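K.L.:
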Ligand SMILES: C[S@@+](CC[C@H](N)C(=O)[O-])C[C@H]1O[C@@H](n2cnc3c(N)ncnc32)[C@H](O)[C@@H]1O
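Residue numbers (my numbering): 48 to 234.
1. Three-state secondary structure (DSSP) at residue 177?
2. Is residue 254 near ligand 1, with its Cβ less than 8 Å from a heavy atom?
3. Beta-carbon separation of residue 80 and residue 201 under 9 Å?
4. Quick one: what's residue 100 bridged to in DSSP?
5. Take the Cβ of residue 57 as the centre, count every other Cβ of all protein chains shown within 10 Å, and call the residue buried at 16 or more, exposed below.
6. Please tell me whether, using a cut-off of 8 Å, the distance from the CB of residue 81 to the nearest non-hydrogen atom of ligand 1 is below it.
7. What is the DSSP secondary structure of residue 55, reduced to helix, strand or coil?
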């Protein structure tokens, strides 16, 4: 896999974060929420057995003042084009819905089968709460990692994840962090 080709994709994760994702995803069944144009997806799919992707192609509920509106029809097209160009499209299954609405279908189709989950979808409290339901689909010993946990522009991510980890402290332990990503182990 040509990592330089992945770094060319327009997206929101750094090369270090992407390489970390490739490393933890090796030979795993991975769930990803929040794919955008497929940059994180490509790093994950470059080593994973299979990636179940969920994106509402809707953007954030509230745009930051420094952000411009994006045409998400184009984003979805780019996602598919980028993954196909890298020869990774047959290793993914896309659910083009917000995570809250995709949960039942993903649960029925894939069950509790994921070793790794990467969460980078809606950064508001309600969306993060919907994403956290997916922790029930992660196998014991698996990993769940949250992008932008360490980004102070998105305080709801850390606040909501910290409350969840505190309430489930017997099952969940912080284990690794890189860039804005915080990962947890599930037991
Ligand atoms: C920060 S971007 C993801 C960046 C991506 N991981 C990358 O490597 O470039 C967030 C994505 O989450 C999607 N999204 C926002 N709210 C969502 C929700 N509730 N469920 C699923 N996807 C959502 C957006 O459409 C957007 O594509």
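For each residue, glycine too, the CB sits at the ideal point set by N, CA and C.
None of the values given here were measured: they were computed from a predicted structure.
P.N.:
On the basis of the coordinates in this document:
1. Here residue 177 carries a helix assignment [DSSP, helix/strand/coil].
2. Since the first and last residues shown for the chain are 48 and 234, residue 254 lies out of range.
3. With respect to residue 201, residue 80 sits apart: the two C-beta atoms are not nearer than 9 Å.
4. 79 and 141.
5. By the C-beta density criterion, residue 57 is exposed, having fewer than 16 other C-beta atoms within 10 angstroms.
6. Relative to the non-hydrogen atoms of ligand 1, the Cβ of residue 81 comes within a distance shorter than 8 Å of at least one.
7. Residue 55 falls in the coil class under three-state DSSP.
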